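There are 6 protein chains.
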Amino acid sequence: MTEEQPANEVPSSLSPQILAGDTSDVYFLRSHQIMEREGVNPRVTMEFFPSGDGILCGMREVLALLGKALPSESEVWALKEGEPFHLKEVVLRVTAPYLSFGIYETAILGILAHESGWATAARECVEAAQGVPIVSFGARHVHPAVVAVMDYAATVGGCVSCSSLAGAQLAGVNPSGTMPHAMIICFGDTVRAAIAFDKHMPPDVPRIVLVDTFHDEPEESLRVAGALGDHLHGVRLDTPGERGSVTPDLVIEARARLDLAGFQHVKLVVSGGVNPGRIREFLEAGAPVDSFGVGSYISGARPIDFTADIKQVEGKAVAKRGRIPGIIANPRLHRSI
Amino acid sequence: MTEEQPANEVPSSLSPQILAGDTSDVYFLRSHQIMEREGVNPRVTMEFFPSGDGILCGMREVLALLGKALPSESEVWALKEGEPFHLKEVVLRVTAPYLSFGIYETAILGILAHESGWATAARECVEAAQGVPIVSFGARHVHPAVVAVMDYAATVGGCVSCSSLAGAQLAGVNPSGTMPHAMIICFGDTVRAAIAFDKHMPPDVPRIVLVDTFHDEPEESLRVAGALGDHLHGVRLDTPGERGSVTPDLVIEARARLDLAGFQHVKLVVSGGVNPGRIREFLEAGAPVDSFGVGSYISGARPIDFTADIKQVEGKAVAKRGRIPGIIANPRLHRSI
Amino acid sequence: MTEEQPANEVPSSLSPQILAGDTSDVYFLRSHQIMEREGVNPRVTMEFFPSGDGILCGMREVLALLGKALPSESEVWALKEGEPFHLKEVVLRVTAPYLSFGIYETAILGILAHESGWATAARECVEAAQGVPIVSFGARHVHPAVVAVMDYAATVGGCVSCSSLAGAQLAGVNPSGTMPHAMIICFGDTVRAAIAFDKHMPPDVPRIVLVDTFHDEPEESLRVAGALGDHLHGVRLDTPGERGSVTPDLVIEARARLDLAGFQHVKLVVSGGVNPGRIREFLEAGAPVDSFGVGSYISGARPIDFTADIKQVEGKAVAKRGRIPGIIANPRLHRSI
Amino acid sequence: MTEEQPANEVPSSLSPQILAGDTSDVYFLRSHQIMEREGVNPRVTMEFFPSGDGILCGMREVLALLGKALPSESEVWALKEGEPFHLKEVVLRVTAPYLSFGIYETAILGILAHESGWATAARECVEAAQGVPIVSFGARHVHPAVVAVMDYAATVGGCVSCSSLAGAQLAGVNPSGTMPHAMIICFGDTVRAAIAFDKHMPPDVPRIVLVDTFHDEPEESLRVAGALGDHLHGVRLDTPGERGSVTPDLVIEARARLDLAGFQHVKLVVSGGVNPGRIREFLEAGAPVDSFGVGSYISGARPIDFTADIKQVEGKAVAKRGRIPGIIANPRLHRSI
Amino acid sequence: MTEEQPANEVPSSLSPQILAGDTSDVYFLRSHQIMEREGVNPRVTMEFFPSGDGILCGMREVLALLGKALPSESEVWALKEGEPFHLKEVVLRVTAPYLSFGIYETAILGILAHESGWATAARECVEAAQGVPIVSFGARHVHPAVVAVMDYAATVGGCVSCSSLAGAQLAGVNPSGTMPHAMIICFGDTVRAAIAFDKHMPPDVPRIVLVDTFHDEPEESLRVAGALGDHLHGVRLDTPGERGSVTPDLVIEARARLDLAGFQHVKLVVSGGVNPGRIREFLEAGAPVDSFGVGSYISGARPIDFTADIKQVEGKAVAKRGRIPGIIANPRLHRSI
Amino acid sequence: MTEEQPANEVPSSLSPQILAGDTSDVYFLRSHQIMEREGVNPRVTMEFFPSGDGILCGMREVLALLGKALPSESEVWALKEGEPFHLKEVVLRVTAPYLSFGIYETAILGILAHESGWATAARECVEAAQGVPIVSFGARHVHPAVVAVMDYAATVGGCVSCSSLAGAQLAGVNPSGTMPHAMIICFGDTVRAAIAFDKHMPPDVPRIVLVDTFHDEPEESLRVAGALGDHLHGVRLDTPGERGSVTPDLVIEARARLDLAGFQHVKLVVSGGVNPGRIREFLEAGAPVDSFGVGSYISGARPIDFTADIKQVEGKAVAKRGRIPGIIANPRLHRSI
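Chains as they are written, first to last, in the working numbering: chain S, 13 to 349; chain A, 13 to 349; chain B, 13 to 349; chain C, 13 to 349; chain W, 13 to 349; chain E, 13 to 349.
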């Protein structure tokens with residue numbers, strides 16, 4: 013047992029239904045039954061590898077799952093959460109009696125695929141941004157049952173924060189957010205909403221005001237800055253696509269008008285359809301963005317499929333057709349259980 | 013209250029955490045607090061619309077959530093589960109005091125986006141297949157926390173069945189599956205595994221045997237058919253990419269060799285990288301496929317993003333910049349709450 | 013002499029310098045001198061044809077020029093101003109002593125090429141607009157020495173009006189325009205400028221106010237409409253590229269907000285980077301544009317090159333290498349001189 | 013007053029009509045009237061910038077126009093004629109009472125746009141030609157009213173000469189030309205025409221004979237060279253498109269056949285559809301071209317649009333939406349008035 | 013024996029070396045030896061099918077080869093020479109003792125592949141030409157050992173004639189040709205060569221003179237027509253690529269100039285880089301071509317690969333992996349031996 | 013006479029028909045007759061050059077042909093067999109009385125074109141393979157009359173061997189081959205066929221067994237290796253396209269399974285649709301191929317067209333239009349006759 017985090021502590025994202033195997037492909041459950049009845053339960057070595065390059069995420073959950081399932085004589089080698097992996101690189105190798113973990117094949121593959129997909133997309137944004145912080149704003153594009161793991165994966169990929177409370181808790185960061193258009197519309201005026209926000213929120217919540225709801229963005233920015241003064245941390249530009257979305261020129265202009273009016277301290281947050289390509293466009297155009305909010309590019313990222321292969325049965329090299337029999341060495345693996 | 017399904021019955025896929033608003037963007041929670049303190053809680057009409065065409069899914073959960081949240085004087089109009097929708101068409105309109113449902117904006121959008129994405133991808137496969145049944149095999153590509161809703165959405169899109177137990181239960185269908193490569197490797201021989209399967213499974217589970225593990229597929233098909241005779245329902249061709257994946261010619265050849273040997277009753281199931289384009293290739297090449305198993309094309313589908321806009325406040329038409337103030341008529345909507 | 017307009021009346025666009033041959037290629041002037049000294053001056057037939065399809069423009073000037081130059085026994089056949097022509101179709105045929113008109117070859121070709129280029133581009137816009145009127149706004153993209161003929165050509169191509177005074181005079185239409193950004197900036201406020209415009213302009217000048225200078229366009233439209241009421245004819249949307257240019261959605265939204273406030277009578281004029289492709293986008297998106305202002309698509313159009321060939325010398329068919337000797341019949345030609 | 017050329021000397025290309033403002037957009041004339049009546053005439057700073065990279069041309073005319081219009085307390089900074097400029101670089105800054113020059117906005121923009129377009133196209137040819145001289149042959153593709161400024165602009169871009177007399181006068185160069193096909197056809201034979209040319213032209217006009225009219229080009233070149241001997245300066249290859257235009261191989265062959273016959277002194281001029289791409293093809297293929305005649309690539313070049321923005325009103329930084337308020341520094345500008 | 017041509021008459025294109033099997037792949041010779049020694053010589057049915065669509069050619073030779081090789085109890089079914097075939101359609105089925113014909117597999121496949129490739133390319137030209145005759149001029153692009161079969165295949169594909177004597181003999185047509193550039197250069201003048209040709213050739217050889225050697229093509233055509241008068245059958249335009257090849261406009265001009273001079277009877281033959289695309293260009297441009305000479309498009313055509321499969325052994329359906337066991341019905345086959 | 017190989021020894025690939033001129037274009041035969049009768053037979057210099065880059069092949073035959081034809085005072089300069097040549101480089105220069113060799117123009121061009129096409133394609137494969145040997149397997153795609161010269165040319169291009177007996181004899185190498193599918197099907201089992209092959213073939217014929225006929229390739233490889241042991245030289249993978257052709261992964265897997273079973277000595281030969289692109293894919297994927305069999309990429313290669321031009325007549329520089337008169341120097345030429 014060399015693992016760094018206690019294997020017997022199951023993250024909140026693993027529901028009892030998952031632990032019971034209910035989310036597995038039914039044929040694993042049937043296989044379990046048949047093999048049990050036939051008394052077939054060899055000690056096997058199973059290897060897991062991805063269908064592309066990426067950033068590994070979900071291993072924390074997978075090790076917790078295996079930690080609960082495997083008998084004591086088992087052995088698990090794995091890459092660590094957050095490490096990069098390459099096409100077909102072995103990221104996990106489990107040696108144990110097959111029936112002790114066979115029904116979890118579906119869950120293990122799904123956890124790694126989905127979370128690595130999110131973490132990898134987040135990393136692409138982070139790399140494009142060259143140091144400008146990225147916040148995950150994509151909770152609204154995925155089912156709430158995976159909001160927490162999605163936002164957790166985004167932070168593993170390099171996001172400094174996320175908008176969902178559940179994700180922030182799982183990732184151990186402060187949630188980040190500004191205010192919704194809905195609230196401003198209910199108040200009927202951005203400045204009125206901003207003043208109420210400033211009045212009721214604890215001092216450690218940064219005052220970042222959304223400025224595209226009713227008026228031209230630079231104009232509204234100046235109104236809000238006039239009203240909140242030093243309390244104002246920043247403004248968020250989120251111009252809708254119907255108005256051409258946020259452009260680099262808009263950011264440059266807003267900065268110039270704020271500076272001209274003496275509001276150099278006000279930060280500029282950009283959101284709305286942000287992705288690595290658009291991030292690069294902003295940076296190349298010299299737009300002084302202070303942080304980006306990224307939504308569906310991260311949360312809607314395709315999972316990176318993983319495959320599991322039995323490569324040894326009772327110590328003997330095997331493989332199905334199309335695969336190389338026997339273990340494929342990977343010196344980057346750590347003994348994890 | 014005109015809704016067809018009882019709103020007070022919450023599907024198992026909505027966890028207490030979701031109902032508590034923990035998976036929402038933190039700024040909705042903060043807005044709630046601010047508006048409550050300021051006494052701002054107008055009766056608003058909020059409309060939800062998609063960013064593209066597709067098949068609606070998730071409305072069942074959304075109505076259950078709203079049914080729990082909304083006070084009695086509220087009004088909800090919605091499209092029905094499984095209906096097609098068009099870009100920017102209003103699929104849901106809620107009229108209620110803002111604070112009664114504002115914190116669920118994230119969850120409602122996420123449910124509709126993710127499930128409609130899956131249902132739409134499933135529908136594309138179903139339409140490409142022109143009557144050949146499609147089974148959802150993609151549980152292994154998504155986090156187990158959404159396996160059930162993903163497979164449910166696949167059936168809403170037209171899949172006849174799915175591989176996960178939890179998905180099948182949510183969708184009210186029998187789960188479908190064959191056997192894993194892992195089991196065949198543990199048994200050491202496909203025929204031996206097939207005989208054990210036939211011996212222990214209840215009679216209503218169709219005997220479908222995976223035939224690409226150790227030998228050439230048509231050869232193995234003949235061996236298995238010889239061993240199981242009339243018990244054999246079908247064989248599954250799942251040739252790995254390293255061997256060129258399943259080709260139309262392989263299906264045609266397997267059919268010809270089975271027929272020549274008198275096994276006309278044995279069905280052919282094709283899986284492995286199946287998507288609408290490949291389905292059309294099989295059909296255009298005249299390959300006699302009896303059913304397709306589709307994995308990541310459905311389960312890895314991108315969510316179809318939805319947007320929510322307040323369009324009336326206390327009966328008065330409003331909208332943020334970029335949107336048309338006031339309700340947008342849609343005669344296809346049904347009074348649902 | 014069958015021409016419809018008096019050939020001895022030279023349009024103002026033909027300067028004395030042009031009539032003197034100063035703008036010709038120098039080798040025509042030299043040839044004239046040599047041939048005169050050698051006593052070579054055959055009666056020739058010269059044909060003019062274009063390098064592509066288009067709308068003929070400039071023939072009015074060309075006939076005036078020839079009318080002044082040719083001796084009485086000459087003969088000129090031509091297509092009429094504004095008629096469509098096809099690649100290599102003969103649009104003008106002159107039979108006269110060579111030295112009477114040879115030095116004008118450069119000018120005739122240049123007039124037809126440049127003006128037909130503008131007229132053809134205008135026609136493309138007019139056809140794309142399916143009845144929505146087009147106004148030529150491109151004076152600012154060409155040298156002032158051709159502003160008048162450019163705007164004249166735009167009306168030959170189908171524009172209902174143009175922005176330059178000189179062009180409108182040559183074309184016999186009322187000039188059309190709104191107000192410059194410069195004036196609004198000098199007044200410091202759009203509404204103040206609009207009121208001054210309304211106060212000082214004669215009643216037959218339509219009040220069309222530019223609404224993108226200081227505030228959000230729909231917001232400014234409502235302010236201006238409130239101030240001018242029934243006096244307001246329309247507003248012009250000319251959003252700069254830095255703000256994403258005018259989009260179909262912006263037009264739709266401005267219309268909706270004006271209508272909601274009771275200003276159904278206010279017209280919407282769209283300008284800024286308009287071309288046939290963008291016109292089609294507006295119409296296909298259902299944007300209720302009342303007229304388009306088109307700038308550089310028309311005024312920056314490439315000339316459609318023309319070529320002149322001598323096809324008969326003293327009644328005998330000739331041609332240089334690469335061309336067919338003798339007259340090429342075209343029943344669409346009219347006897348014009 | 014630091015300008016290098018006398019501002020009170022107006023180039024012949026600026027007609028009285030232009031100076032009277034007749035070629036302006038009508039709304040500038042109307043604005044002038046309104047502002048005058050309202051007594052609004054602030055001292056403003058207006059900046060002019062281009063929509064792309066290029067070679068500046070037309071500033072000579074613009075400064076003459078401003079020199080006549082501006083009161084004595086005005087200030088003008090500008091780039092010099094012929095300098096390269098970059099996208100959005102300020103090329104002209106005028107500080108003066110608005111009403112003193114506002115009506116010339118259309119003319120200034122049009123002069124710079126059209127002439128810079130021609131100069132830039134000429135420069136592209138000159139750069140492609142790597143030292144082989146380029147002559148502007150494009151008078152026949154533009155309206156004679158701009159022939160002079162077009163050919164002037166071509167020389168600013170680097171052409172060594174031009175074919176129009178008016179252009180050569182404006183640019184201060186000797187016009188360049190050979191002879192027209194028309195003259196050869198009138199004479200009935202290339203050699204006869206060449207002998208007449210040689211007989212009547214002053215000695216300083218180079219004898220360059222067009223050799224594609226009646227016979228194969230190398231064959232005709234040899235005939236002409238035989239007839240004129242040392243008098244012959246060069247031959248022009250202008251093969252029509254119907255015969256495949258001039259190819260690099262044709263130039264190489266003509267050179268070889270002339271050299272073989274002892275006419276090494278005869279130059280080869282190439283014309284007909286020449287553009288930077290084709291120039292590069294000739295040079296890369298090793299074709300020994302002595303000079304290129306370029307027509308519509310230069311004269312039909314699209315104008316490079318310019319924009320004018322008021323950036324200060326009475327010393328205070330302003331700008332319309334989408335632009336940065338205040339002066340944009342450009343150390344390359346010279347005080348010009 | 014139902015074949016239409018005597019199988020015992022071997023075409024001259026089948027050399028003794030081919031009949032001896034020397035041109036076969038060595039492993040067929042070795043197999044023959046091994047099977048003979050082992051006494052393995054089953055009666056097999058072998059089917060031959062192509063890798064694409066095309067025109068069948070070479071079957072005449074193949075049947076002659078099989079006619080010599082097969083014992084009397086054999087059976088051969090085949091498509092006829094010149095028939096179209098489709099991808100994977102069976103074009104030949106042989107039932108016989110394997111050792112009687114096995115060594116000819118290489119030769120049969122090669123004959124069908126190479127000759128069908130040529131015939132198919134010829135057919136493409138013929139179809140593009142819509143009735144204008146095509147002559148095969150490609151002997152110079154292939155090894156002389158296949159010149160005869162190549163030109164024979166071209167006529168099977170629809171060419172009316174060919175340039176090689178050997179090909180014309182095999183195909184039973186008169187060879188067609190004009191004169192080489194070499195001869196004209198040796199004579200030093202096209203007209204002199206033409207007169208000598210007319211003097212010495214028998215009257216049934218059409219006088220077609222090559223007119224691009226020394227002078228402009230239409231000019232030379234007129235000279236030759238003037239010299240030979242009614243004796244002249246046609247002229248061949250073969251302009252080299254260095255001069256832009258033959259263009260549709262050149263054909264139109266040559267026709268016009270010949271007609272103008274009263275030589276309406278002179279035909280126009282076009283050659284040089286002719287292929288189906290260029291043929292269509294000529295026809296679409298209305299060029300009055302009387303016949304096309306096609307070279308490397310036909311003679312350099314890629315062979316259409318064929319495959320041979322044993323589908324029955326002693327009456328029992330078999331096939332290697334990847335192929336369907338048993339005979340594939342084709343009602344278009346004829347009993348040929 | 014400086015040639016390295018005796019010119020009076022004619023290779024077997026030059027048939028009497030070729031030597032008699034029967035395969036020439038008929039117009040050369042006619043020209044011969046006419047010139048003879050007119051007494052026109054100048055001493056000419058003819059140059060031959062290609063239409064692209066490549067590897068020279070066929071010069072051996074061409075020199076043999078000229079050696080028989082030319083009178084003693086002739087002179088021939090040539091590049092050597094197997095040398096690379098460039099577009100338009102002179103590869104052969106013949107100075108002789110025209111009538112002594114004029115009729116062979118067709119044959120000389122065809123030999124060089126066809127054989128250089130094959131040699132060049134072979135060279136591309138050889139270069140892609142970076143040292144892995146290539147064997148020419150393409151006899152089945154060409155007419156048997158050119159099988160020998162095709163395989164000879166492939167060896168000139170760098171192939172180590174070829175499959176045809178006739179080609180191997182002409183090239184002076186041992187023919188190379190494995191066994192046909194037909195033989196295995198006749199024996200009914202790959203192992204049985206392999207044992208017979210081993211029993212009857214001389215020891216110097218390497219035992220290379222085709223392993224894709226009846227069973228999965230790695231499985232069959234192990235069966236054959238088990239049966240033949242050390243006698244087995246290698247296996248050939250030739251998976252049909254219907255099964256996805258041979259993939260790099262299949263080679264890697266076959267190697268791994270053979271090695272795991274102790275058969276490290278067994279070589280892997282890959283064939284079926286091999287071309288330079290696929291060769292590079294195999295090498296880049298790390299597939300341990302021991303040799304490639306290449307079929308139609310070499311044997312179906314397009315000929316590289318050559319052209320012949322008379323450049324001197326009786327010592328005087330000439331050329332037809334489009335070509336440079338006189339000899340074009342090439343220091344790489346050798347005096348060959």
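Every residue, glycine too, gets a C-beta built ideally from N, C-alpha and C.
Here the structure is a predicted model, which means the values were calculated and not measured.
For a contact defined as C-beta to C-beta under 9 Å, what are the partners of residue i on chain W?
i         : result
Arg269(A) : Ala331, Ile336, Pro337
As a quick exercise: from the options, pick the residue whose alpha carbon is nearest that of residue i.
i         : options                                  : result
Pro109(B) : Thr57(B), Ser303(B), Pro300(B), Arg49(B) : Thr57(B)
Tyr116(B) : Ala131(C), Glu101(C), Pro156(C)          : Pro156(C)
Is residue i near the ligand FAD - that is, is its Cβ less than 8 Å away from at least one heavy atom of it?
i        : result
Gly94(C) : Summarising the ligand content, the structure contains no ligands, and the ligand FAD is consequently not present.
Give the secondary structure of residue i by DSSP, where H, G and I count as helix, E and B as strand, and everything else as coil.
i         : result
Asp261(A) : helix
Phe156(S) : Reading the sequence as shown, one finds Pro at residue 156(S) and not Phe. Looking at Pro156(S) - three-state DSSP - the assignment turns out to be helix.
Gln17(C)  : Summary for Gln17(C): the model assigns pLDDT 44, below 50, so the residue's position carries little reliability; its value from the coordinates is reported in the next sentence. It is coil, neither helix nor strand.
Hey, residue i and residue j: beta-carbon distance below 9 Å or not?
i         : j         : result
Leu68(W)  : Val103(W) : yes
Ala194(W) : Ser36(E)  : no
Closer than 9 Å by beta-carbon distance: list the chain C residues that pair up with residue i, in chain order.
i        : result
Leu68(B) : Those do not exist, as Leu68(B) stays about 15 Å from chain C at its closest Cβ, beyond 9 Å.
(request) Please name the residues in the segment 193 to 215 of chain A whose beta-carbon is closer than 9 Å to at least one beta-carbon of chain E, in chain order. (result) none
(message) Output needed in chain order: residues of the segment 301 to 316 of chain C with a Cβ under 7 Å from some Cβ in chain B.
(response) Ser308, Gly312, Arg314, Pro315
(message) Short of 9 Å Cβ to Cβ, which residues in the segment 284 to 296 of chain C face chain W?
(response) none
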